[in-house]
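J.:
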Amino acid sequence: MTRLGAVIRAFCRYAMKSKAWMRAPSAHEDVWRSLPQGRRSGSMAPPSDGSLPMRIFAASLGTETNTFSPIPTSYANFEASFSYPPGKHPDAPKHTTAPLYIARKRAAAEGFTLIEGSCFWAEPSGTCGKADYEMMRDRILAELEAALPVDGVLLGLHGAMVAYGYDDCEGDLIEKVRQLVGQKTVIGCEYDLHCHLTKKRVSNADVSILYKEYPHTDFLERAEELVTLVLRTIRGEIKPVTSLYDLRLIGFY
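Residues 6 to 258 (my numbering) make up the sequence shown, in order.
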């Protein structure tokens, strides 16, 4: 046997004995390798070949803030209205939770997996506490991060929520969602008719749907529209474009 052959044979015996080269992948690596490239990161395109079930995350956070009111809004006000942890939303639509409710109803038929996040709502009042808003926002973001990768995000919002230190709560939330999921994941938002629309919101969300009726009798119909548009965008059937223009008018009732 040549010296080279002896060295190779000795190395093979060592490798078989140590089995270092045979280390099984970790659970994380196994899941990661099993995903098509587009599903491995929110910064990459979601799969379009239907090889894996579509994954949609849904949550809601809303209140209608009157900044002239001296009565602050705290988390206790949200608890008094509704504060549902993931999976605990009742099988009935609520004001800002229609996107989650509709997605739940359509998941099986549409062939996607719905990951439910927290849902918060408080009746109209004064400015929300900074820590209260940040706690609810961060809870939703943590739930979303745990659900990654996702193909789409549905957010039920009011659109006129203000907290101390945050003049645009919805814009702040949507921006942070975008930072988590990357540029290829589709974000869709439903708003109350009395919302504000800001550059931060429309630049970070792919689809923005507002109620059309007052009283707001069409919130379920608008949620259906939102879910349909988000799913069609994920499937590559449409590519929504949003434009924002200030009419410089003041509305009153």
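We treat Cβ as the ideally placed atom computed from N, Cα and C, and that holds for glycine.
Given that a residue counts as buried once 16 or more other Cβ atoms are within 10 Å of its Cβ, and exposed if not, what is A136?
T.: exposed
J.: Can you tell which of D173, I214, G116 and I76 has the C-alpha that lies nearest to the C-alpha of G193?
T.: I214
J.: Give the DSSP bridge partners of G67, in chain order.
T.: G67 is bridged to W126.
J.: Starting from F87 and walking both ways along the beta strand (DSSP E), at which residues does that stretch end?
T.: F87 to Y89
J.: Please report the Cβ distance between V158 and F224, rounded to the nearest whole angstrom; I am assuming they are in contact, meaning their Cβ atoms lie under 8 Å.
T.: No, V158 and F224 are not in contact; Cβ-Cβ is about 19 Å, not under 8 Å.
J.: What three-state label does DSSP hand S208 in the structure shown?
T.: helix
J.: From G43 to R240, what distance separates their C-alpha atoms?
T.: Confidence at G43 is low in this model, with a pLDDT of 34, below 50, so its placement is unreliable and the value that follows should be read with caution. Computed Cα separation, rounded: 13 Å.
J.: With respect to the alpha helix (DSSP H) encompassing L236, which residues constitute its N-terminal and C-terminal limits?
T.: Boundaries of the alpha helix (DSSP H) around L236: F224 to I239.
J.: Compute the Euclidean distance between the alpha carbons of L234 and V212, then round it to the nearest angstrom.
T.: 7 Å
J.: Would you kindly work out how many angstroms separate the C-alpha atoms of D177 and D251, rounded to a whole number?
T.: Approximately 20 Å, taken between the alpha carbons.
J.: Are P91 and A228 closer than 9 Å when you measure CB to CB?
T.: no
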